[in-house]
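Those protein sequence lines, which keep their order, are chains A and B.
Position one of the first sequence corresponds to residue -2 (the numbering used here), numbered consecutively onward.
Position one of the second sequence corresponds to residue -2 (the numbering used here), numbered consecutively onward.
2 protein chains.
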Amino acid sequence: MKSLAEALLACEALSLTQRVERVPLSEARGRHLSSALSVAQDAPRWDQSAMDGYAVNWREASKSHVEGADRHYRVGQVIAAGHPPQALQEGEVARIMTGAPLPENADTVVIQENVELIDAERAEPGVWVRFTQRPRHVGEHVRLRGEELNVGMGLLDVGRLLNPAGLALCASQGLTSLEVWARPRVAILSTGDELRAPGTALEVGQIYASNATLLQGMIEEAGGVAVDCGVARDSAEDTREGFLRALAQKPDLILSSGGVSVGDFDPVKGTLADLGARLDFWKVKMKPGKPLAVGELAGVPVLALPGNPVSAAVSFQLFARPLIKRALGSSVEEARLRRARLPLLEPIEKKHARAELIRVARRTSAHHGEGWALAGGQSSAWLSPLERADALLIVPEGEVSWGEGTRAEALVLPWATC
Amino acid sequence: MKSLAEALLACEALSLTQRVERVPLSEARGRHLSSALSVAQDAPRWDQSAMDGYAVNWREASKSHVEGADRHYRVGQVIAAGHPPQALQEGEVARIMTGAPLPENADTVVIQENVELIDAERAEPGVWVRFTQRPRHVGEHVRLRGEELNVGMGLLDVGRLLNPAGLALCASQGLTSLEVWARPRVAILSTGDELRAPGTALEVGQIYASNATLLQGMIEEAGGVAVDCGVARDSAEDTREGFLRALAQKPDLILSSGGVSVGDFDPVKGTLADLGARLDFWKVKMKPGKPLAVGELAGVPVLALPGNPVSAAVSFQLFARPLIKRALGSSVEEARLRRARLPLLEPIEKKHARAELIRVARRTSAHHGEGWALAGGQSSAWLSPLERADALLIVPEGEVSWGEGTRAEALVLPWATC
Chain A
-2 MKSLAEALLA
8 CEALSLTQRV
18 ERVPLSEARG
28 RHLSSALSVA
38 QDAPRWDQSA
48 MDGYAVNWRE
58 ASKSHVEGAD
68 RHYRVGQVIA
78 AGHPPQALQE
88 GEVARIMTGA
98 PLPENADTVV
108 IQENVELIDA
118 ERAEPGVWVR
128 FTQRPRHVGE
138 HVRLRGEELN
148 VGMGLLDVGR
158 LLNPAGLALC
168 ASQGLTSLEV
178 WARPRVAILS
188 TGDELRAPGT
198 ALEVGQIYAS
208 NATLLQGMIE
218 EAGGVAVDCG
228 VARDSAEDTR
238 EGFLRALAQK
248 PDLILSSGGV
258 SVGDFDPVKG
268 TLADLGARLD
278 FWKVKMKPGK
288 PLAVGELAGV
298 PVLALPGNPV
308 SAAVSFQLFA
318 RPLIKRALGS
328 SVEEARLRRA
338 RLPLLEPIEK
348 KHARAELIRV
358 ARRTSAHHGE
368 GWALAGGQSS
378 AWLSPLERAD
388 ALLIVPEGEV
398 SWGEGTRAEA
408 LVLPWATC
Chain B
-2 MKSLAEALLA
8 CEALSLTQRV
18 ERVPLSEARG
28 RHLSSALSVA
38 QDAPRWDQSA
48 MDGYAVNWRE
58 ASKSHVEGAD
68 RHYRVGQVIA
78 AGHPPQALQE
88 GEVARIMTGA
98 PLPENADTVV
108 IQENVELIDA
118 ERAEPGVWVR
128 FTQRPRHVGE
138 HVRLRGEELN
148 VGMGLLDVGR
158 LLNPAGLALC
168 ASQGLTSLEV
178 WARPRVAILS
188 TGDELRAPGT
198 ALEVGQIYAS
208 NATLLQGMIE
218 EAGGVAVDCG
228 VARDSAEDTR
238 EGFLRALAQK
248 PDLILSSGGV
258 SVGDFDPVKG
268 TLADLGARLD
278 FWKVKMKPGK
288 PLAVGELAGV
298 PVLALPGNPV
308 SAAVSFQLFA
318 RPLIKRALGS
328 SVEEARLRRA
338 RLPLLEPIEK
348 KHARAELIRV
358 ARRTSAHHGE
368 GWALAGGQSS
378 AWLSPLERAD
388 ALLIVPEGEV
398 SWGEGTRAEA
408 LVLPWATC
């Protein structure tokens, strides 16, 4: 038997094959860069106006300061964003819009609020203007070429998670696609004679298959591509066919659910061995989810998860999700579930020896503020408390008696909104 | 001029049309239910074993307790999950697997660890067994029909956000599709003579269009469908054509970027008025992002965002994202950006009158622990500090002088990983 900590460490020693793919910017959100990017062009590309106003030559504008406030300037041109300017002539200013390039000989912008048109409605070429307030310093309201980014400096590091601002930054550098870590393909094989597809009729002893839906949602949440390989009946032959079906999908990881315990009808372990899989059968001192088979079939990592839905979900979150996240470029640290420590809103008593991961919801109490409350019954067959849960409270091995108000750590589920 | 608080309240009075759509379970993750669901079948559907073991009749098993520990029972049948059982006969037990239905006359399960086979290797029909430890109480290791869910009770409330466990819960009830709020279609119109598509060559004064990439990422992150309607040049005619192009996409919301200031080349406001739009021109006492036009064009809400990328992003997060989230079924409260209060890791000095939303990153310092540090320069034209930011620190109107260590509230960006 492995302790929970030992099992987590052992899983962190495993890894999926990482592949690189090039995707358009529009599909790169949430992905990690597989190679670093450098700045390809200065930002801004040229000295430009930071405001709507008038481009001036500081030396001329400050000379006028000495000679008196009433000096008039001729508007030599109107520079809109997107259009190349002419050089500024002596005695002239240029009407300029935010983001437009500064003309040669200009180095400072006077904002339009500080400029008065003389006998004119619009600042057109030929119109005369005067300043009601002169520029305070050279370079005022000017964005200098390269003041944000210079050619050759690092733009985004390898492994960087791409958010909308990062994608826009890449677009502003002229990029249309990026090299990122490919989404791992994760094959799902459900096992069990009792499983029928939702939407069909059930006979006595049959239930609707739900683990494939559960695993698909969790795989996609982690960033993987889920490939449902259907249901294998509890026979060696059908289980064997199921795993071959999964392999044919060229997956990066195979997840099976069910058939991994020591029951007489649990053929997963034997079948995998017959197929030549290298397989460790783990018993983890945890509840839910004691049995877990970990190995490799034809070079593809396999995790055989328990069949009870809560056991499958907890085992996935602890052992499978980090593999997917790391294949996508997360660090070992980032790939783990986030931890949060809050007071218990009700006491926890545990008699059994295994560590327990209790489904808890984040609630507010008058007494303790934000804290952990049971999300419902803790049967590993019950999906509804898992649906309401925000986190998995970590109750360590051995007898535990924690009073209300005890601060306790929980693993926050990836879909928790708190 | 509106204060930031007034502008946020005014935006919460707006709403998009909500539409219902039916989607398969495999596409429903992250969506909100548009109608409540009830339990259609008990869970579990029948009394079943919670363990691999032997189904017994408690009265018989406890009678044997009085008579001595050595009573032998005949294995009458083997009940695997998925197969209907026969009634239990007197003097018999039934080998039973986890999840399999309890046979008639049985009410208790003895786990296999507490049962010894007599002269046999496998628990097959006809084999005799004895208990090494008897059941402790009637119903031990039995999951009773309906102990989790009963027909007719509520399964999931209207508006419920669908996580993987919720989808599996629906599958376990036999559902294959769900009615959810449809993703709003959000048309994006970029305006500006200076904009060119990434991947093309630039002339003096031109830049690569990046706001459509920025808005697409933020729209999709919020759950909307982004429809890029291209770039309109800074003329009334081109802007008019752009808005008509956007309308033709039958959007639920139109977002434009740029051309909304008071510059001579800012045609958005006039064009929208010419098209018959009902339009409020807001000046919000905030930095970045003062100008914002809010209105309705042919029945479709329009938000005309500023052109500087950081201004557009901040305005989107404050004013547009909540509209999308609410159309998808979030409450007003849930649709807002999450707030977090942490100590400042560096002092903040602000002289100008407007409220400021400063791009900050969550960092750890030896002195203050987790806190807010500037994510870089605060120019509204700089994308790289926004890319690094985790949150928007709220600095209120008027002069502000906050020392290092002051606890200050920030709006956490949706893509922040902390």
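Just so it is clear, CB atoms sit at the ideal spot from N, CA and C, and this is done for glycine as well.
| Contained alpha helix (DSSP H) runs [length at least 4] in the stretch 55 to 103 of chain B, N- to C-terminal order | 55 to 64
| query | Could you check where the alpha helix (DSSP H) with B:E3 kicks off and where it finishes? | reply | By 1-based counting over the second sequence, the position of residue 3 of chain B is 6. Note, B:E3: alpha helix (DSSP H), 1 to 9.
| message | Is A:R237 close to chain B? Criterion is C-beta to C-beta, closer than 8 Å. | response | For the purposes of this step, residue 237 of chain A is identified with residue 240 of the first sequence, where counting begins at 1. Answer no: the Cβ-Cβ gap between A:R237 and chain B never drops below 8 Å.
| request: Can you have a look at B:G221 and say buried or exposed, based on whether 16 or more other CB atoms are within 10 angstroms of its CB? | output: One-based indexing of the second sequence puts residue 221 of chain B at position 224. Buried, since its Cβ has 16 or more Cβ neighbours within 10 Å.
| message | Out of B:M283, B:E121, B:L276, B:Q170, which one is the CA nearest neighbour of B:A290? | response | Sequence index remark: in the second sequence, residue 290 of chain B carries index 293 (1-based). When only C-alpha atoms are compared, the closest one is B:L276.
| query | Does the separation of the CB atoms of B:L383 and B:R336 fall below 8 Å? | reply | The sequence position of residue 383 of chain B within the second sequence is 386, counting from 1. The sequence position of residue 336 of chain B within the second sequence is 339, counting from 1. Cβ atoms of B:L383 and B:R336: not closer than 8 Å.
| request: Give the residues of chain A in contact with B:S23, contact being defined as C-beta atoms less than 8 Å apart. | output: By one-based count along the second sequence, residue 23 of chain B stands at place 26. Neighbours of B:S23 on chain A, chain order: T210, Q213.
| said: Suppose you measure from the CA of A:V397 to the CA of A:S362; what does that come to, to the nearest Å? | reply: By one-based count along the first sequence, residue 397 of chain A stands at place 400. By one-based count along the first sequence, residue 362 of chain A stands at place 365. One C-alpha to the other measures close to 23 Å.
| request: Determine the closest residue to B:K60 out of B:P132, B:R19, B:A184, with distance taken between C-alpha atoms. | output: In the second sequence, counting from the first residue as 1, residue 60 of chain B sits at position 63. Taking only the C-alpha atoms, the option nearest B:K60 is B:P132.
| task | Report the residues of the stretch 71 to 86 of chain A with a CB closer than 7 Å to any CB of chain B, ordered along the chain. | result | A77, A78, G79, H80, P81
| message | Check for me: the beta strand (DSSP E) holding B:P298 runs from which residue to which? | response | Indexing the second sequence from 1 puts residue 298 of chain B at position 301. It spans 297 to 302 - the beta strand (DSSP E) in which B:P298 sits, taken as one unbroken run.
| request: Would you mind reading off the limits of the beta strand (DSSP E) that contains B:R42? | output: As a first step, residue 42 of chain B must be located in the second sequence, where it is residue number 45. Here B:R42 belongs to no beta strand (DSSP E), and DSSP marks it neither H nor E.
| Cutoff 6 Å; reference B:P82; Cβ partners in own chain excluding five residues on either side | Start at 1 with the first residue of the second sequence, and residue 82 of chain B comes out as number 85. The answer, listed in chain order, is I76, P98, P100.
| query | Excluding sequence positions up to five away, which residues of its chain have a Cβ less than 7 Å from the Cβ of A:L342? | reply | One-based indexing of the first sequence puts residue 342 of chain A at position 345. If we look at A:L342 and ignore the five residues flanking it on each side, its Cβ neighbours are R360, S362, H365, G368, W369, A370, E401.
| query | If the cut is a Cβ gap below 7 Å, which residues of chain A does B:L158 touch? | reply | Within the second sequence, residue 158 of chain B is the residue found at index 161, counting from 1. Simply T414.
| is_contact[B:D39, chain A] using C-beta, thresh 8 Å | Taking the second sequence and counting its residues from 1, one reaches residue 39 of chain B at position 42. No, B:D39 lies away from the interface with chain A (no Cβ there is under 8 Å from its Cβ).
| task | Find the residues of chain E that neighbour A:Y51, judging by a C-beta separation of less than 8 Å, and give them in chain order. | result | Note that chain E does not occur in the displayed structure, where the protein chains are A and B.
| query | Rounded to a whole number of angstroms, what is the C-alpha to C-alpha distance between A:T414 and A:L389? | reply | By 1-based counting over the first sequence, the position of residue 414 of chain A is 417. By 1-based counting over the first sequence, the position of residue 389 of chain A is 392. About 14 Å.
| query | Where do the N-terminal and C-terminal ends of the alpha helix (DSSP H) with A:A219 fall, by residue? | reply | The sequence position of residue 219 of chain A within the first sequence is 222, counting from 1. Note, A:A219: alpha helix (DSSP H), 208 to 219.
| task | Take B:R193 as the anchor and find which of A:G79, A:S312, A:D235, A:K322 has the nearest alpha-carbon. | result | Here residue 193 of chain B corresponds to residue number 196 of the second sequence, with the count starting at 1. The candidate whose alpha carbon is nearest that of B:R193 is A:G79.
| query | Got a sec, what are the start and stop residues for the alpha helix (DSSP H) A:C167 sits in? | reply | Here residue 167 of chain A corresponds to residue number 170 of the first sequence, with the count starting at 1. Counting along the chain, the alpha helix (DSSP H) containing A:C167 begins and ends at 161 to 169.
| task | Please list the partners that A:G466 has in chain B, where partner means a Cβ-to-Cβ separation under 7 Å. | result | Limits of chain A in this structure are -2 at one end and 415 at the other, which puts residue 466 of chain A out of reach.
| request: Can you say whether A:P21 is buried or exposed, counting buried as having 16 or more other CB atoms within 10 angstroms of its CB? | output: Your numbering for residue 21 of chain A matches position 24 in the first sequence. Exposed, by the Cβ-count rule.
| request: Please state if the CB of B:N147 and the CB of B:V53 are separated by a distance shorter than 8 Å. | output: To locate residue 53 of chain B, count along the second sequence from 1; it is residue 56. To locate residue 147 of chain B, count along the second sequence from 1; it is residue 150. No, these two residues do not count as a Cβ contact at 8 Å.
| Going along the chain, which residues of the stretch 124 to 152 of chain B sit with their C-beta nearer than 9 Å to a C-beta in chain A? | R140, E144, E145, L146, L152
| task | Consult DSSP for B:L13 and reduce its assignment to one of helix, strand or coil. | result | Residue numbering aside, residue 13 of chain B sits at position 16 when the second sequence is read from its first letter. Three-state result, B:L13: coil.
| Inter-residue spacing [alpha-carbon to alpha-carbon] between B:S0 and B:S312 | Position 3 of the second sequence holds residue 0 of chain B. Position 315 of the second sequence holds residue 312 of chain B. Taking the straight line from one Cα to the other gives about 14 Å.
| field | chain A residues whose Cβ lies nearer than 7 Å to that of B:S381 | value | For the purposes of this step, residue 381 of chain B is taken as the residue at position 384 of the second sequence. In chain order: E145, L146, L166.
| query | Excluding five sequence neighbours on each side, which residues of the same chain lie with their C-beta closer than 7 Å to the C-beta of A:Q15? | reply | In the first sequence, residue 15 of chain A corresponds to position 18, counting from 1. Here the set comprises W178, A324.
| task | Closer than 7 Å by C-beta to B:C226: which residues in its own chain qualify, once you throw out the five before and the five after it? Chain order, please. | result | In the second sequence, the residue the question calls residue 226 of chain B occupies position 229. Here the set comprises A184, I185, L186, G239, R242, A243, Q246.
| said: Just checking: is the beta-carbon of A:P161 within a distance shorter than 8 Å of some beta-carbon in chain B? | reply: Working through the first sequence from its first residue, we reach residue 161 of chain A at position 164. Closer than 8 Å: yes.
| query | Whose C-alpha, out of B:P285, B:R237, B:V297, is nearest the C-alpha of B:D271? | reply | For this step, residue 271 of chain B is matched to residue 274 along the second sequence. When only C-alpha atoms are compared, the closest one is B:R237.
| Over what stretch of residues does the alpha helix (DSSP H) that includes B:T188 continue unbroken? | The residue labelled residue 188 of chain B in the question sits at position 191 within the second sequence. No alpha helix (DSSP H) holds B:T188; the beta strand (DSSP E) holding it covers 182 to 188.
| message | Tell me the residue span of the beta strand (DSSP E) that contains A:V257. | response | The sequence position of residue 257 of chain A within the first sequence is 260, counting from 1. It is not in any beta strand (DSSP E) - A:V257 carries neither H nor E in the DSSP assignment.
| query | In the DSSP assignment, what residue or residues form a beta bridge with B:I345? | reply | Position 348 of the second sequence, counting from 1, holds the residue named residue 345 of chain B. DSSP output for B:I345 lists B:W399 as bridge partner(s).
| Nearest neighbour of A:L320, chosen from A:Q375, A:L85, A:P181, A:R356 [CA to CA] | Translated into the one-based positions of the first sequence, residue 320 of chain A becomes position 323. The shortest C-alpha separation from A:L320 is found at A:P181.
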